[in-house]
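Peer 1: Number 237 in UniProt numbering belongs to position 237 of the sequence shown; there are no gaps in the numbering. Glycine included, C-beta positions come from ideal geometry on N, C-alpha and C. Please read these numbers as outputs of a predicted model, since none were measured by experiment. Below you'll find the structure I mean.
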Amino acid sequence: MSESLELRTVNVTRYVTPLREGGSLPAIAEADDGFMYVLKFRGAGQGVKALIAELIGGEIARALGLKMPEIVFANLDTAFGRTEPDEEIQDLLKASVGLNLALHYLSGSITYDPVVTTLDARLASQIVWLDCLLMNVDRTPRNTNMLIWHKELWLIDHGATLYFHHSWKNWKEQAQKPFAQIKDHVLLPQATQLNEVDAEFKAILTEQRIRAIVDLVPEEWLATDLEEASVAERRKVYSEFLITRIASSHLFVKEAQHAGKILI
């Protein structure tokens with residue numbers, strides 16, 4: 001039986017403030033459902049590929065039972081850029097008319113600080129496994145991309161994952177590579193339960209589950225700068241990349257365990 005997932009769609013009603021710490025100029029915005037969101041723009045540096053990575057990475061994290069703010073599609077109207085005095089932001093808004101991505105804003109959250117909070121081995125191992133799968137270069141001590149909200153750890157920002165899609169040529173080779181950058185992961189020293197987590201997570205991330213998550217990606221995002229591949233072929237590559245990577249997870253688990261031993 002095939003799975004089917006769905007994301008809500010909201011309309012952005014108010015641009016509140018830019019988040020200057022993000023390289024792609026995300027912003028806090030209000031939507032027509034009355035909630036505040038961190039809005040990721042299709043017109044930003046990495047374009048829709050960052051939104052695709054954000055969506056797939058975030059929904060895989062959620063499927064694995066990790067805490068992720070709700071992800072929604074966010075419609076941006078043409079009227080938006082007109083009243084914005086900052087030229088850079090105005091250009092970004094104009095370039096982002098249409099369907100963008102947003103995450104529920106965790107008001108009052110604080111950045112995870114490894115000096116202040118030590119995670120238990122199981123949670124650390126789960127996050128390290130996820131980031132090996134997604135090839136996430138962005139969870140280092142300098143930039144943890146994790147928040148503490150209501151005394152719980154939440155994951156954010158998966159836009160710098162799945163970087164094979166910046167060059168489609170060798171995705172099969174990339175899918176079976178260990179992830180050398182895991183040596184810089186902020187949680188690697190605590191990730192001592194990778195074998196247990198590996199078995200558990202492989203059971204959750206079935207082919208059906210992966211395809212259902214990849215099916216969430218809007219067709220129009222996959223249709224940008226198509227070279228040789230069609231939208232359907234591109235969607236298939238995302239699924240096959242992840243399915244292959246999960247099947248050969250022993251490679252990235254071994255790499256992470258080896259990197260962890262060097263740190264001790």
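1. Take asparagine 170 and list the residues in its own chain whose beta-carbon comes closer than 8 Å to its own, dropping the five residues that flank it on each side.
2. Quick one: Cα of phenylalanine 252 to Cα of glycine 58, how far?
3. In whole angstroms, what separates the C-alpha of valine 10 from that of leucine 153?
4. Does DSSP put asparagine 170 in a helix, in a strand, or in coil?
5. If distances are taken between C-alpha atoms only, which option among Gln46, Asn136, Ile28, Gly98 comes closest to valine 38?
6. Would you say lysine 183 and alanine 121 are within 8 Å of each other, going by their C-beta atoms?
7. With C-beta atoms as the reference, is valine 48 less than 8 Å away from tryptophan 221?
8. Could you name the residues of the same chain whose beta carbon sits closer than 6 Å to that of glutamine 190, not counting the 5 residues immediately before and after it, in chain order?
9. Tell me the start and end of each unbroken alpha helix (DSSP H) in the region 67-155 that is at least 4 residues and wholly inside, in chain order.
10. Sorted by chain position, which residues of the same chain lie with C-beta nearer than 7 Å to histidine 166's C-beta, five sequence neighbours on each side aside?
11. Got a sec? Which residues, its chain only, sit under 7 Å from arginine 8 by beta carbon, not counting five neighbours each side?
12. Output needed for glutamine 181: all residues of its chain with C-beta closer than 8 Å, excluding positions within five of it in sequence on either side, in chain order.
13. So what's leucine 245 in DSSP terms, helix, strand or just coil?
14. Can you check DSSP and say which residues form a bridge with alanine 259?
15. With a threshold of 7 Å on Cβ separation, who are the neighbours of phenylalanine 201 within its own chain once the five nearest residues in sequence on each side are excluded?
16. Please list the terminal residues of the continuous beta strand (DSSP E) segment that includes isoleucine 28.
17. Can you name the residues that DSSP bridges to arginine 8?
18. Comparing alpha-carbon positions, which option in Ala199, Thr117, Ala223 lies nearest methionine 146?
19. Can you tell which of Arg245, Arg62, Leu99, Leu205 has the C-alpha that lies nearest to the C-alpha of glutamate 173?
Peer 2: Let's see:
1. Translated into positions along the sequence shown, residue 170 becomes position 170. Closer than 8 Å at Cβ, skipping near neighbours: Phe164.
2. Mapped onto the sequence shown, residue 252 falls at position 252. Mapped onto the sequence shown, residue 58 falls at position 58. For phenylalanine 252 and glycine 58, the distance between alpha carbons rounds to 20 Å.
3. Here the question's residue 10 lines up with position 10 in the sequence shown. Here the question's residue 153 lines up with position 153 in the sequence shown. Near 26 Å, if we compare the C-alpha coordinates of leucine 153 and valine 10.
4. The residue given as residue 170 occupies position 170 in the sequence shown. Asparagine 170 falls in the helix class under three-state DSSP.
5. Position 38 of the sequence shown, counting from 1, holds the residue named residue 38. Closest option to valine 38, Cα to Cα, is Ile28.
6. Counting from 1 along the sequence shown, the entry for residue 183 is found at position 183. Counting from 1 along the sequence shown, the entry for residue 121 is found at position 121. No.
7. Walking along the sequence shown from the start, residue 48 turns up at place 48. Walking along the sequence shown from the start, residue 221 turns up at place 221. Cβ atoms of valine 48 and tryptophan 221: closer than 8 Å.
8. Here residue 190 refers to the residue found at position 190 when the sequence shown is read from its first residue. Closer than 6 Å at the Cβ level, and outside the excluded window around glutamine 190, lie Leu119, Ala121, Ala124.
9. With a minimum length of 4 residues, the continuous alpha helix (DSSP H) runs that stay inside the region 67-155 are 87-95, 121-134.
10. For the purposes of this step, residue 166 is identified with residue 166 of the sequence shown, where counting begins at 1. Taken in chain order, the residues that qualify are Lys49.
11. Within the sequence shown, the letter at position 8 stands for residue 8. Shown here for arginine 8: same chain residues with a beta carbon closer than 7 Å to its own, the five before and five after excluded, namely Val72 in chain order.
12. What you label residue 181 is simply residue 181 of the sequence shown in a count that begins at 1. Same-chain partners within the cutoff: Met135, Val137.
13. If you number the sequence shown from 1, residue 245 lands on position 245. Note on identity: in this sequence residue 245 is arginine, with leucine being the wrong assignment. It is helical.
14. Within the sequence shown, residue 259 is the residue found at index 259, counting from 1. Alanine 259 is not bridged to any residue.
15. In the sequence shown, the residue the question calls residue 201 occupies position 201. Same-chain partners within the cutoff: Leu64, Trp129.
16. On the sequence shown, residue 28 is found 28 positions in, with the first residue counted as 1. First-last of the beta strand (DSSP E) with isoleucine 28: 27-31.
17. Along the sequence shown, one-based indexing puts residue 8 at 8. In DSSP, arginine 8 forms no bridge with anything.
18. Position 146 of the sequence shown, counted from the start, is the residue given in the question as residue 146. Answer by Cα proximity: Thr117.
19. Numbered from its first residue, the sequence shown carries residue 173 at position 173. When each option's Cα is compared against that of glutamate 173, the closest is Arg245.
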